[in-house]
Structures are given as structure tokens and as C-alpha cells.
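The working numbering puts the first residue of the sequence shown at 330, with every later residue one more than the last.
Glycine residues also receive a C-beta, built at the ideal position from the N, C-alpha and C atoms.
Below: the structure, in C-alpha cells.
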Amino acid sequence: MISGHVDNICCFTGPSTVLLSWIDDKSDPQYEHSAAAFDVLSNTTDAKGRKLDIIKIHVPGPLCMTEEVAQPFLGSVALGQQRLAGSYVNFYIANGGVVAPAFGDKWDEEARKILEKVFPKHEVISPATHSLET
């Protein structure tokens, strides 16, 4: 079982295609969640018995609460130690468009390109969303 929000770990984009949040760093706590999800998805088929096409999309680097964001929670949250959920698979699909988060991270551009490839008939826009992650 994977804890957390499923909308931050994967998203099915077609009958047999799934985007999976991924991290290469095995020492990062997110790695075991992504690896477990990959194992499950790798051994899963779609309704027609086809193996899933799993597209890994890197997660942004760790995002932590700033003092400004943590202010309402001081006393219950250790400032700078509360990791925020950051994921490129938590996007919104609209008529002709995809709104995907951008974090000012090295993976922003790669994520946008993957989404453009997966959704070729959609315009992908990526507004800066770090302050919206709370």
C-alpha cells in the first residue's frame, strides 16, 4: 500500500498509459513509494490485457515550508523539516489544455515536454505553483 495522495504518484493518460512520479535517488524517502508503484504497475494490465506503458516523470527536488508558509502552523510543524508534496502528475486537463505545476526546479522543462508528448493536441502551460502547494 502507498500512503499519500494518489494524484501525486501517478495519472492514467490513456487506456494503457500511465505517468509515474519518479526519483532516482534511492536515499530519498519518495524513492520507495515510486519503486513500489512501479512494481505494481509493471505487473498490471489494462482492461484488454495489455501491459501498461509506464512513463516516469521526475519529481521536483524536496520542497520545504518557508517561515511565511509555516507561520499559521508554528508549534505543530518544525520549520524547514515539513516536506511539501511536489509532483508534476497532479495536473488539470481542460478542453484543449493541460495546466501543470512548475516549481522553479531543474525538472520543470522535462516534465512539460513529457506532457506535451503525452497530450499532443493540448496546449501545456506551467505556472509557478510553489506557493499553492500548502
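Are the CB atoms of residue j and residue i within a distance shorter than 8 Å?
i: Val-418; j: Leu-348; result: yes
i: Pro-391; j: Ala-431; result: no
Going by alpha carbons, who is nearest to residue i out of the options?
i: Trp-351; options: Arg-441, Asn-424, Ser-416; result: Ser-416
i: Asn-471; options: Thr-458, Asp-434, Ala-431, His-451; result: Examination of residue 471 is not possible in this model, given that the chain is present from 330 through 463 alone.
i: Lys-377; options: Gly-343, Glu-361, His-362, Glu-445; result: Gly-343
i: Cys-340; options: Ile-383, Glu-439, Gly-433, Glu-361; result: Ile-383
Expressed to the nearest angstrom, what Euclidean distance is found between the alpha-carbon atoms of residue i and residue j?
i: Val-447; j: Ile-386; result: 11 Å
i: Thr-374; j: Leu-381; result: 6 Å
i: Pro-449; j: Ser-345; result: 17 Å
i: Pro-389; j: Ile-454; result: 17 Å
i: Gln-359; j: Arg-441; result: 21 Å
Against chain C, does residue i count as a neighbour if the rule is that its beta carbon must be under 8 Å from one of theirs?
i: Arg-379; result: Included in the structure is just one protein chain, with no chain C present.
Identify the continuous beta strand (DSSP E) that holds residue i and give its terminal residues.
i: Leu-348; result: 346 to 351
i: Asp-382; result: 382 to 387
Which residue marks the beginning of the alpha helix (DSSP H) containing residue i, and which one marks its end?
i: Tyr-360; result: 358 to 371
- Message: Counting beta carbon pairs with one atom in the segment 419 to 438 and one in the segment 360 to 375, are three or more of them shorter than 8 Å?
- Response: With a cut-off of 8 Å, the segment 419 to 438 and the segment 360 to 375 do not count as touching, because too few Cβ pairs lie within range.
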